[in-house]
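Numbering-wise, the sequence shown is residues 0 to 572 according to numbering that gives the first Met the number 0.
Every residue, glycine too, gets a C-beta built ideally from N, C-alpha and C.
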Amino acid sequence: MPKRPEELRSHRWFGAEGMRAANHRSRMLQLGLGHEEFQGRPVIGIVNTWSDLMHCHAHFRERAQDVKRGVWAAGGVPVEIPAMALREVFQKPSTMLYRNFLAMETEEIARSLPLDGLVLMGGCDKTGPALIMGAISMGLPAIYVPAGPMLSGHWRGRKLGSGSDVWKYHAELRAGTITQQAWKEMESGLSRSAGTCMTAGTASTMALAAEAMGLTLPGAASIPAVDSAHPRMAAAAGRRIVAMVWEDLTLARLLDQRSLDNAVAATMAFGGSTNAIPHLIAIARRAGIAMDLDRFDAISRRVPLIANLRPNGSTHLMEDFFYAGGSRGFLATLAPHLALDARTVNGTLGAQLEGAEVFDRDVIRPLDNPIFPEGGVAVLRGSLAPDGAVIKHSAASPGLLVHTGPALVFEDYNDLDARLDDPALPVTPETVLVLREAGPVGGPGFPEWGMLPLPKKILALGVRDMVRVSDARMSGTSYGTCVLHVAPEAALGGPLALVRDGDMIALDVPKRRLDLLVDEAVLAARRAAWAPRKAVQQRGWTGLYQRHVRQADAGCDLDFLERGAPSPEPEIH
Ligand code: FES
Numbered sequence: 000m001p002k003r004p005e006e007l008r009s010h011r012w013f014g015a016e017g018m019r020a021a022n023h024r025s026r027m028l029q030l031g032l033g034h035e036e037f038q039g040r041p042v043i044g045i046v047n048t049w050s051d052l053m054h055c056h057a058h059f060r061e062r063a064q065d066v067k068r069g070v071w072a073a074g075g076v077p078v079e080i081p082a083m084a085l086r087e088v089f090q091k092p093s094t095m096l097y098r099n100f101l102a103m104e105t106e107e108i109a110r111s112l113p114l115d116g117l118v119l120m121g122g123c124d125k126t127g128p129a130l131i132m133g134a135i136s137m138g139l140p141a142i143y144v145p146a147g148p149m150l151s152g153h154w155r156g157r158k159l160g161s162g163s164d165v166w167k168y169h170a171e172l173r174a175g176t177i178t179q180q181a182w183k184e185m186e187s188g189l190s191r192s193a194g195t196c197m198t199a200g201t202a203s204t205m206a207l208a209a210e211a212m213g214l215t216l217p218g219a220a221s222i223p224a225v226d227s228a229h230p231r232m233a234a235a236a237g238r239r240i241v242a243m244v245w246e247d248l249t250l251a252r253l254l255d256q257r258s259l260d261n262a263v264a265a266t267m268a269f270g271g272s273t274n275a276i277p278h279l280i281a282i283a284r285r286a287g288i289a290m291d292l293d294r295f296d297a298i299s300r301r302v303p304l305i306a307n308l309r310p311n312g313s314t315h316l317m318e319d320f321f322y323a324g325g326s327r328g329f330l331a332t333l334a335p336h337l338a339l340d341a342r343t344v345n346g347t348l349g350a351q352l353e354g355a356e357v358f359d360r361d362v363i364r365p366l367d368n369p370i371f372p373e374g375g376v377a378v379l380r381g382s383l384a385p386d387g388a389v390i391k392h393s394a395a396s397p398g399l400l401v402h403t404g405p406a407l408v409f410e411d412y413n414d415l416d417a418r419l420d421d422p423a424l425p426v427t428p429e430t431v432l433v434l435r436e437a438g439p440v441g442g443p444g445f446p447e448w449g450m451l452p453l454p455k456k457i458l459a460l461g462v463r464d465m466v467r468v469s470d471a472r473m474s475g476t477s478y479g480t481c482v483l484h485v486a487p488e489a490a491l492g493g494p495l496a497l498v499r500d501g502d503m504i505a506l507d508v509p510k511r512r513l514d515l516l517v518d519e520a521v522l523a524a525r526r527a528a529w530a531p532r533k534a535v536q537q538r539g540w541t542g543l544y545q546r547h548v549r550q551a552d553a554g555c556d557l558d559f560l561e562r563g564a565p566s567p568e569p570e571i572h
């Protein structure tokens with residue numbers, strides 16, 4: 000039974016009698032809208048994370064117009080509302096510090112304004128999860144419009160992948176195998192259009208996870224930002240959200256355990272970013288759905304990795320993925336591992352995948368010819384990570400997945416920067432590089448420092464990977480034998496804080512273990528002598544964040560935003 004116009008949330012602002020309602024209506028008239036254009040129609044908030052300094056969303060001003068076209072066509076009233084444009088690369092110390100800020104902003108924008116539904120415009124890594132978290136907490140119908148990947152990079156006849164090839168060729172530059180001139184030239188070929196990183200990084204992963212979760216229109220996750228299919232998808236999302244308001248299809252009615260499990264399975268089969276783990280745990284917790292590291296690992300063990308993209312597989316990129324059949328072809332291939340009856344913005348996942356095809360089986364592999372027999376990420380536990388750690392083993396060196404070696408500890412990133420290339424650094428290819436003070440509290444904001452650069456001394460030997468352990472995250476475009484998200488983090492006195500140079504660290508990915516091989520009595524003495532290196536900040540967002548953020552295994556949301564009864568609707572006086 001569809002809603003009646005007087006049941007719209009915006010009716011409380013515009014439909015009532017009295018001085019306040021007249022004032023609200025007069026302000027809509029001030030915007031140039033006639034009574035007949037807004038009264039009794041769903042008001043759709045287009046939450047747009049555009050900014051002049053937001054390279055990945057450079058097309059969003061234009062794209063918001065496409066969404067508006069769809070909303071008008073379906074009888075709604077589109078209103079574009081800017082929200083914090085969290086951009087990777089520029090935002091320091093880490094965009095992750097502000098993910099919960101944007102989530103809170105999205106929720107409060109929606110709650111305080113006369114809105115009936117939301118179109119969430121995001122894409123660059125943290126924006127999608129943040130918008131979705133905020134929309135879940137607010138409880139309005141919402142649809143996600145992902146920014147879409149940028150075009151493939153090109154340089155000297157080779158394809159270039161965002162992030163992945165920056166790390167690769169920077170290591171070659173430091174090793175002296177390419178020139179400064181070549182390195183400089185490469186800059187121009189890396190980022191060729193608007194859109195998100197086009198490797199299987201965090202943005203691509205989270206767009207695919209959102210589609211698998213049912214929050215986008217079919218196929219939306221993989222459409223390149225500058226393809227004409229993208230504005231058509233944006234307009235269709237505008238039309239669909241108006242219908243969702245009349246159907247009262249809120250995220251609470253749409254999301255359930257099946258949706259979240261589908262998102263995890265898609266992430267694992269995509270070889271997606273390790274960043275998906277805290278994001279999906281945080282999203283699930285907002286929705287009151289069970290999700291933890293063990294569930295990730297269980298799903299990862301049963302789902303093969305079938306997306307042959309950088310940084311896991313060959314040189315294929317998201318543009319190739321789109322031409323090969325895109326997110327629909329990928330999810331249809333994965334169908335035996337998905338709950339096809341899970342709801343989506345458009346019906347069910349099964350219905351969304353009907354007729355999907357794959358046109359290049361080297362890019363989207365069949366289930367019986369995967370590029371890796373299980374999902375891309377493994378969850379580790381052990382004496383060095385009692386609350387868990389993760390590794391993207393699909394992008395690690397097979398020969399290092401079982402490895403024991405002596406630790407070389409960097410106290411924080413400044414220490415790493417200062418000493419890494421010291422010719423006297425006591426390091427061999429067997430050493431385990433350890434970085435601490437890079438977790439949610441210590442960073443602060445859980446920066447992407449976990450793919451520690453290798454010391455020059457090691458690069459000169461021709462070695463390009465070592466075991467690295469930290470409480471940091473790493474970019475979804477990164478690779479190597481990097482153990483990440485160690486919890487509890489060092490800044491809270493977790494075992495990582497107690498490691499000393501020369502201690503033996505044992506990594507065993509098949510057994511899912513990460514252990515510090517030091518006697519408990521020795522560790523107890525070190526623990527007793529331990530004190531935090533830095534005080535948490537007292538003022539501003541960073542202070543609030545450091546005092547309330549959850550650890551990596553719990554999704555890094557703020558404890559007071561995670562769940563609980565929804566905040567009350569505002570009084571309209
Ligand atoms: Fe925006 Fe990678 S920098 S998605």
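query, result
"With the cut-off set at 8 Å, would you say proline 494 and proline 335 are in Cβ contact?", "no"
"Determine which residues share a DSSP beta bridge with serine 469 and list them.", "Leu434"
"Would valine 378 and glycine 324 qualify as a contact pair, given that the criterion is a beta-carbon distance under 8 Å?", "no"
"With proline 446 and alanine 471 assumed to form a contact (beta carbons below 8 Å), what rounded beta-carbon distance in angstroms separates them?", "6 Å"
"What separation, rounded to the nearest whole angstrom, lies between the Cα atoms of threonine 303 and proline 369?", "First, the residue type needs correcting, since residue 303 is proline and not threonine in the sequence shown. Looking at the two C-alpha atoms, the distance is approximately 6 Å."
"I'd like to know whether the C-beta atoms of glycine 218 and leucine 253 end up nearer to each other than 8 Å.", "no"
"Which two residues bound the contiguous alpha helix (DSSP H) that contains methionine 450?", "It is not in any alpha helix (DSSP H) - methionine 450 carries neither H nor E in the DSSP assignment."
"Counting only the same chain and skipping the five closest in sequence on each side, list residues whose C-beta sits under 7 Å from that of phenylalanine 559.", "His547"
"What residues match up with leucine 483 in a beta bridge as DSSP calls it?", "Val389"
"Please name the residue, chosen from Asp65, Trp529, His392 and Ala489, that lies closest to serine 227 on a Cα-to-Cα basis.", "Asp65"
"Do you know offhand how far isoleucine 280's Cα is from arginine 525's?", "32 Å"
"If we count the other Cβ atoms within 10 Å of its Cβ and call it buried at 16 or more, is alanine 264 buried or exposed?", "buried"
"By DSSP's criteria, histidine 588 is part of a beta bridge. Which residues make up the other side?", "Because the chain is modelled from 0 through 572, residue 588 falls outside the range shown and cannot be assessed."
"Tell me tyrosine 412's beta-bridge partners as DSSP assigns them.", "Paired residue(s): none; tyrosine 412 is not in a bridge."
"Under 8 Å Cβ to Cβ from arginine 511, same chain only, skipping five residues before and after it: list those, please.", "Asp296, Ala377, Val378, Leu379 and Arg380"
"Using a threshold of 8 Å, state whether the C-beta atoms of glycine 160 and arginine 309 are closer than that.", "yes"
"What whole-angstrom Cβ distance do cysteine 55 and glycine 162 have, given they're in contact under 8 Å?", "Not a contact, Cβ separation roughly 12 Å."
"Around the C-beta of histidine 229, are 16 or more other C-beta atoms found within 10 angstroms, so that it is buried, or is it exposed?", "buried"
"Pull up the distance between the alpha-carbon of valine 535 and that of glutamate 488, whole angstroms please.", "14 Å"
"Taking the alpha helix (DSSP H) that glutamate 107 falls in, what are its first and last residues?", "95-111"
"Rank Ser203, Val244 and Gln29 by C-alpha distance to the C-alpha of isoleucine 222 and give the top, closest one.", "Ser203"
"Which of the three DSSP states, helix, strand or coil, is assigned to glutamate 356?", "coil"
"Got a sec? Which residues, its chain only, sit under 7 Å from glutamate 87 by beta carbon, not counting five neighbours each side?", "Thr94, Cys123 and Asp124"
"What span of residues does the beta strand (DSSP E) with alanine 141 cover, start to end?", "141-145"
"Whole-angstrom Cβ separation of methionine 137 and glutamate 106, contact assumed at under 8 Å?", "5 Å"
"Comparing C-alpha positions only, which one of Asp514, Arg327, Ala338 and Ala520 sits nearest to glutamine 351?", "Arg327"
"Report the partner residues of aspartate 319 according to the DSSP bridge assignment.", "Its beta-bridge partners do not exist; DSSP assigns none."
"Helix, strand or coil for phenylalanine 89? Go by DSSP, reduced to three states.", "coil"
"With distances taken from CA atoms, which of Thr332, Arg157 and Gly44 is nearest leucine 189?", "Arg157"
"Under 7 Å from any heavy atom of ligand 1, does the C-beta of serine 161 make it?", "yes"
"For a test of the three-state rule: what should DSSP assign to arginine 342, helix, strand or coil?", "strand"
"Just to check, is the beta-carbon of arginine 40 closer than 7 Å to a non-hydrogen atom of ligand 1?", "no"
"Is glycine 200 near ligand 1, judged by its Cβ being under 7 Å from some heavy atom?", "yes"
"In this structure, what does DSSP give as the bridge partners for valine 165?", "In DSSP, valine 165 forms no bridge with anything."
"Helix, strand or coil, according to DSSP, for isoleucine 43 in the structure here?", "strand"
"To the nearest angstrom, how far is it from the Cα of threonine 126 to the Cα of alanine 275?", "12 Å"
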